[in-house]
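K.L.:
Our numbering puts the first residue of the sequence shown at 10, with every later residue one more than the last. Let me give you the structure first, and then I'll get to my questions.
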Amino acid sequence: MADGPNCKCNRWVISLQAAFERDDFEKLFRKGVQSITEEEFKRIPEFRHREDALACLFGKLLLRHSAQKFSGEPWKNIKFERTERGKPYLATPADTKFGLNISHQGDYVAFASSCTPNVGVDVMRLDTERNNKTADEYINSMAKSASLEELRMMRSQPTEAMKMTMFYRYWCLKEAILKATGVGIMKDLNSLDFRVNMQDRYRPGAFVTSTTVLEDGRLQDQWIFEETFVDGKHSAAVCKDKKLPRECVFRKDPEAKIFFSKVIMPKNDIENRILVFQVTFDALLENAEVINPMPNDAVDIFEDFMKKPRKTF
């Protein structure tokens, strides 16, 4: 968790593969599916692949875990609802000031929270497979989602890998701002025009905050973007309100950095002002309560889950 008792800014990540490899995975899974509401559970059995079903469960648990941790409200009282555009928000306890958001792609479910109400996160696996298309062909097929400047930047990169990395960078940024604003799916993604500073190196270990965005040609300076990496194959972007309350670690220390990380235990590197944390399956259920008891203690649910095919990456 971020430095300071009142700051709610966190960047958490949980690995699907690490969860599958746990000796107590079945026990945790069966408790997990019973620690969310019946409505929250409904979508999980609909996923075809095991990874997507587990990612959905982790997303529900991350939101509930964080809401309980930040508010002190009993687990069973936590309630989420959705806006007209489908963005989940914390309904109980009411009138909270912090924002919560999740994203899933590849091996990770990522979570971001902010001291301000509006926050969006996106994580992307940097795939090399493009259905036998070159990077330019792939970028051209997605051209309607990009501004002219973004297309120029993608196409001007010197290697195939760098072109695709730039593509995923822009995609992360666009998803993050759409989730922060609660817009959801936007018809004309090319109206969002992200401007990146190429002097800030975008690579694993980086913490880039210099990126800005124009919408229909107008600077949207109410937002700040964090661009980081979970590992060499997964990039992430966070969009949040620029105006921060006094208790926020980012306002107290403008040079603070909170990374998504694969470390197993919390680490506070004061010298480099880096705060990192990875959530594990058992940590998600630390204060969980069974609120939706299932027949046979969810044994049948687990067996159905294990019959789903695994993804091949």
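Every residue, glycine too, gets a C-beta built ideally from N, C-alpha and C. In this text, all values refer to a predicted model and were calculated from it rather than measured experimentally.
Which first and last residues belong to the beta strand (DSSP E) in which Cys181 is found?
P.N.:
Segment Glu169 to Thr190 is the alpha helix (DSSP H) holding Cys181; no beta strand (DSSP E) there.
K.L.:
Can you name the residues that DSSP bridges to Arg20?
P.N.:
DSSP output for Arg20 lists Ala121 as bridge partner(s).
K.L.:
Just checking, does the segment 100 to 112 make contact with the segment 144 to 163 on the three C-beta pairs under 8 Å criterion?
P.N.:
These segments do not touch.
K.L.:
Can you say whether Leu187 is buried or exposed, counting buried as having 16 or more other CB atoms within 10 angstroms of its CB?
P.N.:
When all chains shown are included, Leu187 counts as buried.
K.L.:
I'd like the span of the beta strand (DSSP E) that includes Leu99, first residue to last.
P.N.:
Element bounds for Leu99: Pro97 to Thr101.
K.L.:
Taking 6 Å as the limit between beta carbons, can you name the residues of its chain near Ala121, skipping five residues before and five after?
P.N.:
For Ala121, where only same-chain residues beyond five positions count, the Cβ hits under 6 Å are Arg20, Asn110, Val128, Val130 and Val247.
K.L.:
Looking at C-beta atoms only, is the number of pairs between the segment 212 to 220 and the segment 235 to 243 that lie closer than 8 Å three or more?
P.N.:
Flag = yes, the segment 212 to 220 and the segment 235 to 243 touch.
K.L.:
Rounded to whole angstroms, what is the Cα-Cα separation between Val299 and Asn140?
P.N.:
Val299 and Asn140: Cα-Cα distance of roughly 44 Å.
K.L.:
Looking at the structure shown, is Asp306 part of a helix, part of a strand, or coil, going by DSSP?
P.N.:
Here Asp306 sits in helix by DSSP.
K.L.:
Under 8 Å between the Cβ atoms of Asp313 and Pro54?
P.N.:
A contact, by the Cβ cut-off of 8 Å.
K.L.:
Between His58 and the rest of its own chain, which residues show a CB-CB distance below 8 Å, the 5 nearest in sequence each way excluded?
P.N.:
Lys317, Pro318, Arg319 and Lys320, listed in sequence order.
K.L.:
Is the separation between the beta-carbon of Lys249 and that of Thr125 shorter than 8 Å?
P.N.:
Yes; because the gap between Cβ atoms is below 8 Å, this pair is in contact.
K.L.:
Since Leu201 is in the beta strand (DSSP E), which residue starts that stretch and which ends it?
P.N.:
Start and end: Leu201 to Arg204.
K.L.:
Taking Ile111 as part of the beta strand (DSSP E), name the residues at either end of that continuous run.
P.N.:
From DSSP, the beta strand (DSSP E) with Ile111 extends over Gly108 to Gln114.
K.L.:
Could you tell me the boundaries of the beta strand (DSSP E) in which Asp131 lies?
P.N.:
Per DSSP, Asp131 belongs to the beta strand (DSSP E) from Val128 to Arg134.
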